[in-house]
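Using the numbering used here, you'd call the opening residue of the sequence shown number 39 and step up by one each time.
Just so it is clear, CB atoms sit at the ideal spot from N, CA and C, and this is done for glycine as well.
Below: one structure, written as structure tokens.
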Amino acid sequence: MTSSTQTPRVLFFASTSYAGMGPYVASIINSFTPEDNIGFFLVEREDQYFSRNIKPELKQSGIIYLEKTPTKLKTLWYLTIDGGYDCRNKLKEYCNQFNPAIIHALTNIDDVELCKWMIDRYKILYTIHDLHPHEANKSFLKEFRQNVIYKREYRSIELSGNIHTNSVTQFKELKILYPTKASFYSPFPTLITSEIEDGKVLPPELSNVTDYILFFGRIEAYKGIDKLIEAYLSSPTLQQSKLVIAGKGEMNRPVHKNIIYLNRYIGDNEIAALYNNAACVVYPYISITQSGVLSVAMHFGTPIIASDLPFFKEVLKSDYPWFTKTGDSDSLRSTLENFMSVPHEKKSATKVWLKNLYQAEYASESSKHQLEEIYAQL
Numbered sequence: 039m040t041s042s043t044q045t046p047r048v049l050f051f052a053s054t055s056y057a058g059m060g061p062y063v064a065s066i067i068n069s070f071t072p073e074d075n076i077g078f079f080l081v082e083r084e085d086q087y088f089s090r091n092i093k094p095e096l097k098q099s100g101i102i103y104l105e106k107t108p109t110k111l112k113t114l115w116y117l118t119i120d121g122g123y124d125c126r127n128k129l130k131e132y133c134n135q136f137n138p139a140i141i142h143a144l145t146n147i148d149d150v151e152l153c154k155w156m157i158d159r160y161k162i163l164y165t166i167h168d169l170h171p172h173e174a175n176k177s178f179l180k181e182f183r184q185n186v187i188y189k190r191e192y193r194s195i196e197l198s199g200n201i202h203t204n205s206v207t208q209f210k211e212l213k214i215l216y217p218t219k220a221s222f223y224s225p226f227p228t229l230i231t232s233e234i235e236d237g238k239v240l241p242p243e244l245s246n247v248t249d250y251i252l253f254f255g256r257i258e259a260y261k262g263i264d265k266l267i268e269a270y271l272s273s274p275t276l277q278q279s280k281l282v283i284a285g286k287g288e289m290n291r292p293v294h295k296n297i298i299y300l301n302r303y304i305g306d307n308e309i310a311a312l313y314n315n316a317a318c319v320v321y322p323y324i325s326i327t328q329s330g331v332l333s334v335a336m337h338f339g340t341p342i343i344a345s346d347l348p349f350f351k352e353v354l355k356s357d358y359p360w361f362t363k364t365g366d367s368d369s370l371r372s373t374l375e376n377f378m379s380v381p382h383e384k385k386s387a388t389k390v391w392l393k394n395l396y397q398a399e400y401a402s403e404s405s406k407h408q409l410e411e412i413y414a415q416l
């Protein structure tokens with residue numbers, strides 16, 4: 039946005055920083071400047087993610103709302119009686135004050151009444167992250183919570199006339215499923231924040247450990263971590279290197295002297311060391327819609343072993359040499375063995391290629407310009 043007279047006034051809304059949404063939202067907002075005609079209303083928890091990661095010069099452009107982690111009783115009330123956000127009234131007040139031409143919902147909205155209120159008064163652009171739920175292996179209560187929230191999110195999507203995604207595959211599906219809606223696509227932004235880029239903390243569990251095979255991310259069934267462990271345990275060659283599973287969540291953890299589990303929240307200031315000291319990072323996902331996980335590895339030049347899912351191929355390009363067959367532990371084992379055995383020069387070439395691709399794919403000015411074009415069409 040080059041001037042307040044040429045572009046519509048846009049309000050960015052994010053209801054959470056959880057599960058990768060924090061870096062996603064911060065990356066988009068930080069691509070703008072105080073001179074641009076934007077505002078924001080961001081909801082964070084006690085970790086104060088947005089307070090730490092939104093650029094200081096932009097903080098006067100909007101509101102960061104601190105929401106306390108709800109008690110179990112309040113969560114039950116929210117899921118069964120009243121699905122309204124705590125921030126609802128404060129957001130309405132800010133909308134009336136800011137008077138945006140467009141509200142860009144950067145995260146899903148499961149407060150249906152709030153979504154209706156915004157649609158009745160403003161033009162809404164609703165970003166859809168996962169149109170279909172991923173494979174999950176959760177407890178009954180967590181499964182119940184997910185189903186309730188997804189049902190509400192789908193209702194908000196149905197109400198919205200303008201929808202947006204960062205996946206070409208999902209964009210095509212949205213156009214088929216919702217032919218009467220205006221559908222928009224822009225590439226996924228980088229998840230690299232200054233806190234990640236400048237981080238210098240070495241995870242204490244990895245003191246004196248290098249050249250390991252890495253998985254990093256929240257532990258979920260759809261990410262195929264069981265296939266990675268299966269491939270590792272079936273290969274004496276791979277077991278010569280350590281396998282690091284870094285991320286919090288529930289999973290089976292076979293005991294092996296060379297498997298290291300960091301079953302905890304990984305601080306953003308630990309991520310640089312985690313990637314820089316790895317021989318490669320593995321994304322053995324069973325399914326994925328859109329994600330910024332590739333941007334982190336590409337930024338640090340950490341070679342990527344990834345399932346041959348459409349979104350990964352969109353970003354890494356179809357001729358990338360280190361794809362593995364989705365859901366196939368034998369294919370994953372073979373690909374990993376091949377990578378670990380290639381000469382150092384070829385690994386170095388992969389690192390350089392990934393860094394160059396990162397610069398081409400994730401330039402903040404390009405991301406900002408593409409969003410500006412969408413707003414102009416609205």
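> Between residue 98 and the rest of its own chain, which residues show a CB-CB distance below 8 Å, the 5 nearest in sequence each way excluded?
Replying inline: To locate residue 98, count along the sequence shown from 1; it is residue 60. Excluding positions up to five away in sequence, the list reads 72.
> With distances taken between CB atoms, is the gap from residue 339 to residue 393 smaller than 8 Å?
Replying inline: In the sequence shown, residue 339 corresponds to position 301, counting from 1. In the sequence shown, residue 393 corresponds to position 355, counting from 1. Going by C-beta atoms, residue 339 is nearer than 8 Å to residue 393.
> Does the beta-carbon of residue 409 have 16 or more other beta-carbons within 10 angstroms, so that it is buried, or is it exposed?
Replying inline: The count along the sequence shown starts at 1 and reaches residue 409 at position 371. Residue 409 is buried by the Cβ-count criterion.
>> If distances are taken between C-alpha atoms only, which option among 126, 354, 375 comes closest to residue 154?
In response: Residue numbering aside, residue 154 sits at position 116 when the sequence shown is read from its first letter. Closest by alpha carbon: 126.
> Taking the alpha-carbon positions, what's the residue 399 to residue 112 distance?
Replying inline: Position 361 of the sequence shown, counted from the start, is the residue given in the question as residue 399. Position 74 of the sequence shown, counted from the start, is the residue given in the question as residue 112. Roughly 42 Å between the two C-alpha positions.
> So, helix, strand or coil for residue 96, using DSSP?
Replying inline: Taking the first residue of the sequence shown as position 1, residue 96 is located at position 58. Helix at residue 96.
>> If I measure Cβ to Cβ from residue 354 and keep anything under 8 Å in the same chain, skipping five residues before and after, which residues do I get?
In response: As a working note, residue 354 is residue 316 in the sequence shown. Once the five neighbours on either side are set aside, the close Cβ partners of residue 354 are 332, 342, 344, 361, 395.
> For residue 86 and chain C, any beta-carbon pair shorter than 8 Å?
Replying inline: Given the protein chain composition of this structure (a single chain), no chain C is represented.
> Mind checking residue 227: buried by the 16 CB within 10 Å criterion, or exposed?
Replying inline: Sequence index remark: in the sequence shown, residue 227 carries index 189 (1-based). By the neighbour-count rule (16 or more Cβ atoms within 10 Å), residue 227 is buried.
>> Quick check for students: name the residue ranges of the beta strand (DSSP E) that lie wholly in the region 339-397, counting only runs of 3 or more.
In response: 342-345
> Quick check: the region 203-219 against the region 161-172, are there 3 or more CB pairs under 8 Å?
Replying inline: yes
> Which partner residues does residue 125 have in the DSSP bridge list?
Replying inline: Your numbering for residue 125 matches position 87 in the sequence shown. Under DSSP, no beta-bridge partner is assigned to residue 125.
> Taking three-plus beta-carbon pairs below 8 Å as touching, is the region 298-317 in contact with the region 234-242?
Replying inline: Cβ pair count under 8 Å is three or more, so yes.
> Start and end of the alpha helix (DSSP H) containing residue 113?
Replying inline: In the sequence shown, counting from the first residue as 1, residue 113 sits at position 75. From DSSP, the alpha helix (DSSP H) with residue 113 extends over 110-118.
>> Which residues does DSSP list as the beta-bridge partners of residue 269?
In response: Against the sequence shown, residue 269 aligns to sequence position 231. Its beta-bridge partners do not exist; DSSP assigns none.
>> Nearest by alpha-carbon distance to residue 114: which of 295, 365, 182 is it?
In response: The count along the sequence shown starts at 1 and reaches residue 114 at position 76. Among 295, 365, 182, the Cα nearest to that of residue 114 is on 182.
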